[in-house]
Amino acid sequence: MSADRPLRVRMAPSPTGPLHIGTARTSLYNYLTARHDKGTFVLRIEDTDIARSTTEFERDIIEGLHWLGISWDEGPQVAGGDDIGSFGPYRQSQRLDRYAAEAQRLLNAGLAYRCYCTPEELDAVRREQERNHEPPRYNGRCRNLTAEERASCEKEGRQGAIRFKVEPATVRWDDAVRRDVEFDNALLGDFVIVRGDGSPLYNFTVVVDDAAMQISDVIRGEDHISNTPKQIVLYEALGYKLPRFAHIPLILNPDRTKMSKRKSQTSMDAYRQQGYLSEALVNFLGFLGWSPGTEEEIFSLDELSQRFELDKVHKGGAIFDIGRLDHLNGVYIRSLTDAQLALRLRPFLPDAADDATVLRLAPLVKERLVRLGDIGELVAFLFQADDAVASWYSAELLLPKKREGSEVGSALTVVRDTLSSLTDADWSADVLESHCRAIAERLEWKPGDLFKPLRLAITGRAVSPPLFGSMELLGRERCLARIDDALGKLQRVGVAAG
RNA sequence: GCCCCCAUCGUCUAGAGGCCUAGGACGCCACCCUUUCAAGGUGGAGAUCAGGGGUUCGAAUCCCCUUGGGGGCACCA
Numbered sequence: 103m104s105a106d107r108p109l110r111v112r113m114a115p116s117p118t119g120p121l122h123i124g125t126a127r128t129s130l131y132n133y134l135t136a137r138h139d140k141g142t143f144v145l146r147i148e149d150t151d152i153a154r155s156t157t158e159f160e161r162d163i164i165e166g167l168h169w170l171g172i173s174w175d176e177g178p179q180v181a182g183g184d185d186i187g188s189f190g191p192y193r194q195s196q197r198l199d200r201y202a203a204e205a206q207r208l209l210n211a212g213l214a215y216r217c218y219c220t221p222e223e224l225d226a227v228r229r230e231q232e233r234n235h236e237p238p239r240y241n242g243r244c245r246n247l248t249a250e251e252r253a254s255c256e257k258e259g260r261q262g263a264i265r266f267k268v269e270p271a272t273v274r275w276d277d278a279v280r281r282d283v284e285f286d287n288a289l290l291g292d293f294v295i296v297r298g299d300g301s302p303l304y305n306f307t308v309v310v311d312d313a314a315m316q317i318s319d320v321i322r323g324e325d326h327i328s329n330t331p332k333q334i335v336l337y338e339a340l341g342y343k344l345p346r347f348a349h350i351p352l353i354l355n356p357d358r359t360k361m362s363k364r365k366s367q368t369s370m371d372a373y374r375q376q377g378y379l380s381e382a383l384v385n386f387l388g389f390l391g392w393s394p395g396t397e398e399e400i401f402s403l404d405e406l407s408q409r410f411e412l413d414k415v416h417k418g419g420a421i422f423d424i425g426r427l428d429h430l431n432g433v434y435i436r437s438l439t440d441a442q443l444a445l446r447l448r449p450f451l452p453d454a455a456d457d458a459t460v461l462r463l464a465p466l467v468k469e470r471l472v473r474l475g476d477i478g479e480l481v482a483f484l485f486q487a488d489d490a491v492a493s494w495y496s497a498e499l500l501l502p503k504k505r506e507g508s509e510v511g512s513a514l515t516v517v518r519d520t521l522s523s524l525t526d527a528d529w530s531a532d533v534l535e536s537h538c539r540a541i542a543e544r545l546e547w548k549p550g551d552l553f554k555p556l557r558l559a560i561t562g563r564a565v566s567p568p569l570f571g572s573m574e575l576l577g578r579e580r581c582l583a584r585i586d587d588a589l590g591k592l593q594r595v596g597v598a599a600g
């Protein structure tokens, strides 16, 4: 934070794609910094690239951030909606007149000039430089055109882009993460700030807007570090006060390259749809590149806000380790009450599941879920027809090791007959378990040997939520029917004694 | 090709000259618990702190070089 002015940070996503994990993390760091130091968090939509920007993407970004629990004090609150805050508008497409005015100011001051070079000409220069092992930069051909030359270019119909005059000097800044960074801007060359068609470019608009919105701290990804010298030079030319910069490390693919759609799942919404909890994502993202310096590792958004400090952010990039996210997600799922879990599970369950059932389901699956979306497979047996469930396993699977089909058949028959004498009111996990254990004991079977075929009959799978709780949920009628199905299966294959 | 940045277990990290024969967590292995699977408990393997030079009584921690990796070099953002 700059001690001499109020802390104002900003996130400036461009709506050219769905909310990216990296954008979410940078937003989080900005949000945490603002909350930690009682500052203001601004959201600005950088939609100057009209060809690729859409309101659908803007909506995805805004909703995704809200879902994570990240809120902003100024900016659009809903896609396409009105802005909140007194430094607006907060969409760059609505600020074009300001950029034009500032560009004109630079032109008038002789700090920028029109350049009439064509893309082909620029390309040729660049290739030439590469051949000579020189840094690629604009050669300044249009920098000192005479009035006549200028007029003749315009007469030819050439559209003039506006270039900023870069004077050779060493630029340096004290980065909150990287400390002292310096750069020789003789390597820069005069860069374009406004296209030939009059539309402004990123490096120019960020500076104009960050200054106009009185941003005190620019916190962004390390991939922007080489834009910083250009921006600093613009700040100075325009007479703006410099913000403090903080370049945070990138999130990496497993191969240590910048996280990308090709190699990783990068859209936030995809994680949400798989059933990752926002709490887990926030905790996970917070620790990718930062740690409190202690051995604590479970932090809520509020706790992160209290503890987060920019100076503790690492310099090196961090791999997005999905295994770690999975672990954290499990931790957060287990920390939920049954009612909370039921509520979150709702969207992942079929409509046939009534609220009471979902609530009773919660404790059965809580310790077994990595993602909420895993619920489907776990409890499919509850929502599928009996014959469908029976089709999931073969008769052979019903046999525990060293048990004949005939034995299993008669054991299941005993179970069936015993349980059928129970009333619906008695049909509870505890009662069922004690009956089944008694049967196993009478038969002199290991309980597990009896539970295995029973589990298969009831759930259709060898792995399931706890057997008796599952039976309680399924209900007397359907349980008995499924045991009958299993018995029938044994008989049909001829492994049952009849 | 040019510029910039980074570097502790496979991964996320603790570590800001002596507390480090490098700690925690995830993952992995074993055992315990146990009706399956999980969850939980206990223990274990796993990093000569990228390598090499310095500085220092003493370096994972400071300096230099090398190597490796990454990011950026647009009339994209």
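Position 77, counted from 1, in the first sequence is what my numbering calls 179; the numbers after and before it change by one each time, with no gaps.
The beta carbon of each residue, even a glycine, is placed where N, CA and C say it ideally should be.
In this text, all values refer to a predicted model and were calculated from it rather than measured experimentally.
| Check | Outcome |
| --- | --- |
| Terminal residues of the alpha helix (DSSP H) in which Val415 lies | Where Val415 is concerned, there is no enclosing alpha helix (DSSP H), given that its DSSP letter is neither H nor E. |
| Range of the contiguous beta strand (DSSP E) that encloses Leu145 | Thr142 to Leu145 |
| Nearest-angstrom Cα separation, counted from Ile477 out to Glu543 | 34 Å |
| CB contact flag (Tyr201, Thr307, <8 Å) | yes |
| Presumed contact (8 Å Cβ cut-off) between Gln376 and Gly298, rounded CB distance | At roughly 45 Å, the Cβ-Cβ gap does not stay under 8 Å, so Gln376 and Gly298 are not in contact. |
| Residues that Pro178 bridges to, as DSSP identifies them | Asp185 |
| Same chain, Cβ closer than 7 Å to Ala271, neighbours up to 5 away in sequence not counted | Asn287 |
| Cβ-based burial, Ala503 [other Cβ within 10 Å; buried from 16] | Residue 503 is actually Lys in this sequence, not Ala. Under this definition Lys503 is an exposed residue. |
| Burial state of His416, where buried means 16 or more other Cβ atoms lie within 10 Å | exposed |
| Segment contact, 8 Å Cβ cut-off, at least three pairs: the region 403 to 410 with the region 325 to 342 | no |
| Span separating the alpha-carbon of Ile123 from that of Asp526 | 50 Å |
| Distance CB(Ile560)-CB(Ser572) smaller than 8 Å | yes |
| The beta strand (DSSP E) enclosing Cys219, as first and last residue numbers | Where Cys219 is concerned, there is no enclosing beta strand (DSSP E), given that its DSSP letter is neither H nor E. |
| Span of the beta strand (DSSP E) around Phe410 | From DSSP, Phe410 is part of no beta strand (DSSP E); its letter is neither H nor E. |
| Among Gln333, Val384 and Gly259, the one whose alpha carbon lies nearest that of Trp275 | Gln333 |
| Proximity to Lys343 [Cα-Cα], best of Leu445, Met315 and Leu303 | Met315 |
| Span separating the alpha-carbon of Val273 from that of Phe285 | 5 Å |
| Buried versus exposed call for Gly577 [16 or more other C-beta atoms within 10 Å across all chains shown] | exposed |
| Pairwise C-alpha distance: Pro465 and Glu148 | 45 Å |
| Same chain, Cβ closer than 6 Å to Lys365, neighbours up to 5 away in sequence not counted | Asn355 |
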